[in-house]
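Have a look at the structure below before the remarks.
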């Protein structure tokens, strides 16, 4: 079994109360599933989505989506079809932003699900941090209050 962090499956923004599904796809197991879901959504319901040749990931992690009960005692690995369904839901409801050189885009990245599609360089990304929140932490001593509150109040488990 792979060791790693446990993340709440549903996070709640500490100021707005908006909910966000935490769906991680950076694994050799999940990247191809995410890509398949993207192709299905683009072909069936979102022809406005740009052509994407692949969603490459060649990093070390090789894990599925595993649901963990809030008390940590039980685990359930999501079958491939259910993981595919989750990714399809994300891609079918996503918003695309198009900008040109010189444009500036500012957004609250507290719970914003984001993904960079392949594209030509140059690309420049600048980040500003206020109170940094590490949503990957789930040890009570390390986790921000909003992460603990989300896990306790809304999430029946974690991913």
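In the numbering used here, the protein residues as written are 1044 to 1202. Virtual Cβ for every residue (Gly too), placed ideally from N, Cα, C.
Could you tell me the distance, in whole angstroms, from the CA atom of residue i to the CA atom of residue j?
i: residue 1075; j: residue 1117; result: 27 Å
i: residue 1180; j: residue 1108; result: Only weak support exists for where residue 1180 lies, its pLDDT of 48 falling under 50; the value from the coordinates is given anyway. So the alpha carbons of these two residues sit roughly 17 Å apart.
i: residue 1143; j: residue 1119; result: 44 Å
i: residue 1111; j: residue 1062; result: 19 Å
i: residue 1141; j: residue 1088; result: 20 Å
i: residue 1082; j: residue 1139; result: 16 Å
i: residue 1095; j: residue 1114; result: 39 Å
i: residue 1122; j: residue 1066; result: 15 Å
i: residue 1056; j: residue 1136; result: 19 Å
i: residue 1125; j: residue 1053; result: 17 Å
i: residue 1100; j: residue 1086; result: 23 Å
i: residue 1127; j: residue 1134; result: 11 Å
i: residue 1150; j: residue 1058; result: 14 Å
On the premise that residue j lies in contact with residue i, defined as a C-beta separation below 8 Å, what is that separation, rounded to the nearest angstrom?
i: residue 1098; j: residue 1077; result: 5 Å
i: residue 1073; j: residue 1084; result: Rounded, the Cβ-Cβ distance is 16 Å, inconsistent with contact.
i: residue 1148; j: residue 1080; result: With a Cβ gap of about 25 Å, residue 1148 and residue 1080 do not count as contacting.
Going by DSSP, what residues sit across from residue i in a beta bridge?
i: residue 1054; result: 1063
Between which residues of its own chain and residue i is the CB-CB distance below 8 Å, once the five residues before and five after are set aside?
i: residue 1105; result: 1045, 1070, 1071, 1072
CB-CB under 7 Å to residue i, same chain, minus the five flanking residues each way: which ones, in chain order?
i: residue 1060; result: none
Taking only runs of the beta strand (DSSP E) that begin and end inside the stretch 1059 to 1109, which ones reach a length of at least 3 residues, in chain order?
Every beta strand (DSSP E) of 3 residues or more that sits fully in the stretch 1059 to 1109 is shown, in chain order, as 1062 to 1064.
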